[in-house]
Amino acid sequence: MTPDITCLSLCELADAIRKGRISSYRAVEACLDRIDAWQPRINAFVAIDREGALASALHADRNLAAGRILGALHGVPLAYKDLFSRAGRASTCGTRIFSGEIATETATVLERLDGAGAVEIGTLNMTELAGSDPIGQEPLGACCNPWNTRLFNPGSSYGSAAALAARLTFGSVGSCTGGSIRIPAAVCGVVGLKPTYGRVSRHGALTRSWSLDAIGPMARTARDVARLLGCIAGFDQRDPTSSGEPVPDYEAGLSIKLSDIRIAVQRRFWSDVDHDVADALASFQECLARGGATVKPIELPDGHLLWDLASVLSDCETAAVFGRLLRERGAEITEINRNQLQRGNFIPAPRYLEALALRARYLREFCDQVFADADVLQTPALPVPPPTIDEMREPHFADEFNLTRLVNIYTRPCNYLGLPALTVPCGFTPDGLPVACQLVGRPFDEATLLAVAHAYQSATDWHHRAPQIH
Numbered sequence: 001m002t003p004d005i006t007c008l009s010l011c012e013l014a015d016a017i018r019k020g021r022i023s024s025y026r027a028v029e030a031c032l033d034r035i036d037a038w039q040p041r042i043n044a045f046v047a048i049d050r051e052g053a054l055a056s057a058l059h060a061d062r063n064l065a066a067g068r069i070l071g072a073l074h075g076v077p078l079a080y081k082d083l084f085s086r087a088g089r090a091s092t093c094g095t096r097i098f099s100g101e102i103a104t105e106t107a108t109v110l111e112r113l114d115g116a117g118a119v120e121i122g123t124l125n126m127t128e129l130a131g132s133d134p135i136g137q138e139p140l141g142a143c144c145n146p147w148n149t150r151l152f153n154p155g156s157s158y159g160s161a162a163a164l165a166a167r168l169t170f171g172s173v174g175s176c177t178g179g180s181i182r183i184p185a186a187v188c189g190v191v192g193l194k195p196t197y198g199r200v201s202r203h204g205a206l207t208r209s210w211s212l213d214a215i216g217p218m219a220r221t222a223r224d225v226a227r228l229l230g231c232i233a234g235f236d237q238r239d240p241t242s243s244g245e246p247v248p249d250y251e252a253g254l255s256i257k258l259s260d261i262r263i264a265v266q267r268r269f270w271s272d273v274d275h276d277v278a279d280a281l282a283s284f285q286e287c288l289a290r291g292g293a294t295v296k297p298i299e300l301p302d303g304h305l306l307w308d309l310a311s312v313l314s315d316c317e318t319a320a321v322f323g324r325l326l327r328e329r330g331a332e333i334t335e336i337n338r339n340q341l342q343r344g345n346f347i348p349a350p351r352y353l354e355a356l357a358l359r360a361r362y363l364r365e366f367c368d369q370v371f372a373d374a375d376v377l378q379t380p381a382l383p384v385p386p387p388t389i390d391e392m393r394e395p396h397f398a399d400e401f402n403l404t405r406l407v408n409i410y411t412r413p414c415n416y417l418g419l420p421a422l423t424v425p426c427g428f429t430p431d432g433l434p435v436a437c438q439l440v441g442r443p444f445d446e447a448t449l450l451a452v453a454h455a456y457q458s459a460t461d462w463h464h465r466a467p468q469i470h
């Protein structure tokens, strides 16, 4: 293995490749070495394209030798959640059902990352149809948290988060309907961003809920996420929900004066919050306050109402999206997901239309209440440490854990409102598990979230810590 390479951040590696200090070929080899060591333990990858990745790396190195820079990610190894289409191959989407369906076109985000010079080393594990995985029945096998393989690893983009934490790749792109980027990023100690609705094209990605779905970058630092977002954001005529809002230079926007930043924090949480999580959130606030930021407790709108409305949209739309699949191949889908995908069939149409119609009103009210005197809102990401796999095997425990909304009470409302939200690691529990907070911003103001997270990471070292193989 070559840990001196794999411990670099994405931007550090990109700079080293561009300056000729490290070849793309060596960087890919270093990732493949770590994959060989970690994959049997955490099952982060669905497929590893060794020959293709090394060939692409060699192509990048030859272009550099000829004086040609392919883009901001020239020669950088990346891996993606396995729900993006790539012409000439099948994507699993977390199930065996699609194994024979070869794509004829490539997802917009992959086209843009290819155009930026990235080297794809493989595709990453995910939950079945980006939904829930029953413990022990995961169609592609469970993906484990590299910090503790005995812990439940929540969120459908868990392969991306695990691979980043274990230093198997330098960046990834995931999808999020209610927290599936931010939650696994939080429990694995990496940075995950759900952009504003419409900021990143969804063309060529598995649709689960067209009103809530978002595609976003994941990496180990806010700067890395800023670079990835700059490569994939922007209007796409092939996505009818794509926004034409101008894309700023996210990296250039990382340098801010914290004295100009006002951070709102919850006076009352929407749920019980573990004391270790609460302590980490307070430490985050103190760190930014020392840097000059203003921290102000506020009352938030009812998060449970927003969660309920998001659930109505999600249930109805997934029932519509997967209705034919359920009728034709439902026996090949796990029972928990069959039940989940059918819930929307029992929701009256007026209830769905009401949830859709109320969205703009609640977005306006939320922004007026939160962002009138603040630039960023801080909340927990996951309010409690994840339970063990053995605990989640107990049906009553699993039902209670899920029904109490602990997993996504702070993340799902952001999908309903379409707001940008980012999770950043901000500490560890006494047991050595990562803790993260969530930062929420105004529509299309990902730049401020990234800048605040970057300022925090510049003053702390949580993101430099890595799990060890035991």
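With the working numbering applied, the sequence shown corresponds to residues 1 to 470, in that order.
Every residue, glycine too, gets a C-beta built ideally from N, C-alpha and C.
Everything numeric in this text was worked out from a predicted model, so none of it was measured.
- Counted as a single uninterrupted DSSP element, the stretch harbouring Ala436 is not any alpha helix (DSSP H) but the beta strand (DSSP E) occupying residues 434–440.
- By the neighbour-count definition (other C-beta atoms within 10 Å, threshold 16), Lys19 is an exposed residue.
- The continuous alpha helix (DSSP H) containing Arg223 extends over residues 222–232.
- Collapsing the DSSP output to three states places Ala349 in a helix.
- Between Ser156 and Pro184, the CB-CB gap stays under 9 Å.
- Sixteen is the threshold: when 16 or more other Cβ atoms of the shown chains lie within 10 Å of the Cβ of Glu128, as they do, the residue is buried.
- Met392: member of the alpha helix (DSSP H) spanning 389–393, first to last residue.
- Counting along the chain, Val191 sits inside the beta strand (DSSP E) bounded by residues 191–194.
- For Gly253, the secondary structure class from DSSP, reduced to helix, strand or coil, is helix.
- Between Asn125 and Val187 the beta-carbon gap is near 15 Å, outside 8 Å, which marks them as no contact.
- According to the DSSP assignment, Glu120 belongs to the beta strand (DSSP E) that extends over 119–124.
- In the structure shown, Cys426 falls within a strand segment according to DSSP collapsed to helix, strand and coil.
- Distances from the CA of Leu406 to each of Val277, Tyr362, Thr429, Leu433 were compared; the closest alpha carbon is that of Val277.
- Going by beta carbons, Arg351 and Val312 fall inside the 9 Å limit.
- Looking only at Ile17, Leu281, Glu111, Ala66, the smallest Cα-Cα distance to Val295 is reached by Leu281.
- Under the DSSP assignment, Phe45 falls outside any alpha helix (DSSP H), being part of the beta strand (DSSP E) whose first and last residues are 45–48.
- Relative to the Cα of Ile347, the nearest Cα in the group Leu309, Pro301, Ala53 belongs to Leu309.
- According to DSSP, residue pairing for Ala219 in a beta bridge involves Val191.
- By the neighbour-count criterion, in which 16 or more other beta carbons inside 10 Å mark a residue as buried, Gly230 falls on the buried side.
- Remark: C-beta atoms of Arg343 and Asp315 approach each other more closely than 9 Å.
- Taking every protein chain shown into account, the CB of Ala233 has 16 or more other CB atoms within 10 angstroms, so this residue is buried.
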